[in-house]
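Peer 1: Heads up, the sequence shown is in numbering that gives the first Met the number 0, so the first residue is 0 and it goes up one at a time.
Quick one: the structure is below, questions incoming.
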Amino acid sequence: MNNFLIECLDVSKEYYQGNKTIKVLENIKFNLQRGSSIGILGPSGSGKTTLLHILAGIDVPTSGEVLFKGQQFSNCDTNAKAYLRNQNIGFVYQFHHLLPEFNALENVALPILISGQDKKKAYSKATDLLARVDLEERFFHRPSQLSGGERQRVAIARCLANSPSCLIMDEPTGDLDAENAESITNLIFDISKEQKTTLIIATHDTKLAENLESNLNLGFT
Ligand SMILES: Nc1ncnc2c1ncn2[C@@H]1O[C@H](COP(=O)(O)OP(=O)(O)OP(=O)(O)O)[C@@H](O)[C@H]1O
Ligand SMILES: [Mg+2]
């Protein structure tokens, strides 16, 4: 038995459009220990988002598999996968995906409620998390009433909701100015250090990539 949190074993992904096959990922392999970090780099269209979705169980590989704590993850059934994801993985989408009808506090509290915690605990934790990303003044704003950077910070607070062992982030500083990008980068590394969280981050941000322990460049595989 090894000590890996995530094992990506020869993952390939093809998309089919009409009679055309689009090869996006070919035999991607790497392992991550708890608390380690990796940057997923590469030009637009090289498959970063596709790989993150497969690692998080949002999408399935065409071949190969992903193991989470030694357990088959990528090909297990939908309910088991949803449970594993809720408990272990915090995901930040490239385009936020906050729920538009809910305010910031509700967006952050939702994964905690889904995990079975009572309402009081869920809202108390959501309050703390939003304070952590400096959004005490924006609890009751809906996503459309927040700036791009503020939405990104809500998404980061939400991904921390169930204290996941693994954070998977798709260009978390993509929409931000230099100052906000730096503060989000510092926040991500502070949290990862405190909670020994494994980080998998797709990014074009060289400053962020430099701070990760290893980099996987999809453009040159
Ligand atoms: N559902 C799909 N059907 C067909 N092709 C797809 C599908 N989803 C993605 N692709 C193609 O797969 C390739 C990889 O897409 P992906 O979103 O993973 O790239 P990316 O590296 O994240 O790019 P960016 O830096 O622009 O976010 C692209 O060429 C895209 O057009
Ligand atoms: Mg992408």
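Ideal placement from N, C-alpha and C gives every residue a C-beta, glycine not left out.
In the DSSP assignment, the alpha helix (DSSP H) including K221 goes from what residue to what residue?
Peer 2: The requested residue 221 is not part of the displayed model; the chain covers only 0 to 220.
Peer 1: Within the continuous beta strand (DSSP E) that includes S36, where are the two ends?
Peer 2: Start and end: 36-40.
Peer 1: Shortest alpha-carbon distance to Q116 belongs to which of R141, Q86, P142, Q93?
Peer 2: Here the closest residue by C-alpha is Q86.
Peer 1: Pick out whichever of L24, R33, D9, K124 has its Cα sitting closest to the Cα of S2.
Peer 2: According to the sequence as given, residue 2 is Asn; it is not Ser. Cα-wise, what sits closest to N2 is R33.
Peer 1: Please list the terminal residues of the continuous beta strand (DSSP E) segment that includes C7.
Peer 2: From DSSP, the beta strand (DSSP E) with C7 extends over 3-16.
Peer 1: Taking the beta strand (DSSP E) that F188 falls in, what are its first and last residues?
Peer 2: Where F188 is concerned, there is no enclosing beta strand (DSSP E), although the alpha helix (DSSP H) it sits in stretches over 177-194.
Peer 1: Where DSSP assigns a beta bridge to C165, which residues make up the other side?
Peer 2: Beta-bridge pairing links C165 to I88, T197.
Peer 1: Kindly indicate the opening and closing residues of the beta strand (DSSP E) around E25.
Peer 2: That run of the beta strand (DSSP E) goes 19-32.
Peer 1: Can you check which of these residues, T20, L51, L134, L98, is closest to T202 by C-alpha distance?
Peer 2: Residue L51 is the option with its Cα nearest to T202.
Peer 1: Just reading off the alpha helix (DSSP H) that L129 is part of, what are its end residues?
Peer 2: That run of the alpha helix (DSSP H) goes 118-131.
Peer 1: If I'm right that V10 touches V65 with Cβ under 8 Å, what's the distance once you round it to whole angstroms?
Peer 2: Their Cβ separation, rounded to whole angstroms, is 7 Å, which keeps V10 and V65 in contact under 8 Å.
Peer 1: Return helix, strand or coil for L112, following the three-state DSSP convention.
Peer 2: Helix.
Peer 1: Determine the extent of the beta strand (DSSP E) in which L217 is found, giving its start and end residues.
Peer 2: First-last for L217: undefined, no H or E at that position.
Peer 1: Any residue with its Cβ nearer than 6 Å to a heavy atom of ligand 2 should be included. What is that list in chain order?
Peer 2: In chain order, the hits are K47, T48, Q93, D169.
Peer 1: Are the Cβ atoms of P171 and V91 separated by less than 8 Å?
Peer 2: Taking 8 Å as the Cβ cut-off, P171 and V91 qualify as a contacting pair.
Peer 1: Who pairs with H140 in a beta bridge, going by DSSP?
Peer 2: DSSP lists no partner for H140.
Peer 1: Are there any heavy atoms of ligand 1 lying less than 7 Å away from the beta-carbon of I199, as far as the coordinates show?
Peer 2: Not so, every heavy atom of ligand 1 lies at least 7 Å from the Cβ.
Peer 1: Taking S222 as the reference, give the member of I111, V132, A160, L166 with the closest Cα.
Peer 2: As shown, the chain starts at 0 and ends at 220. That puts residue 222 outside it, with no answer to give.
Peer 1: Over the uninterrupted alpha helix (DSSP H) stretch that includes A156, give me the two end residues.
Peer 2: Where A156 is concerned, the enclosing alpha helix (DSSP H) stretches over 147-158.
Peer 1: Use the C-beta contact count for E178: other C-beta atoms within 10 angstroms, 16 or more gives buried, fewer gives exposed.
Peer 2: So E178 counts as exposed.
Peer 1: Output needed for L104: all residues of its chain with C-beta closer than 6 Å, excluding positions within five of it in sequence on either side, in chain order.
Peer 2: Excluding positions up to five away in sequence, the list reads A125, F138.
Peer 1: Taking the DSSP output, what are the residues bridged to H95?
Peer 2: DSSP output for H95 lists Y92 as bridge partner(s).
Peer 1: Please go through the same chain and pick out, in chain order, the residues whose beta-carbon is closer than 6 Å to the beta-carbon of P163, but skip the five residues on each side of it.
Peer 2: Contacts found: N87, I88, G89.
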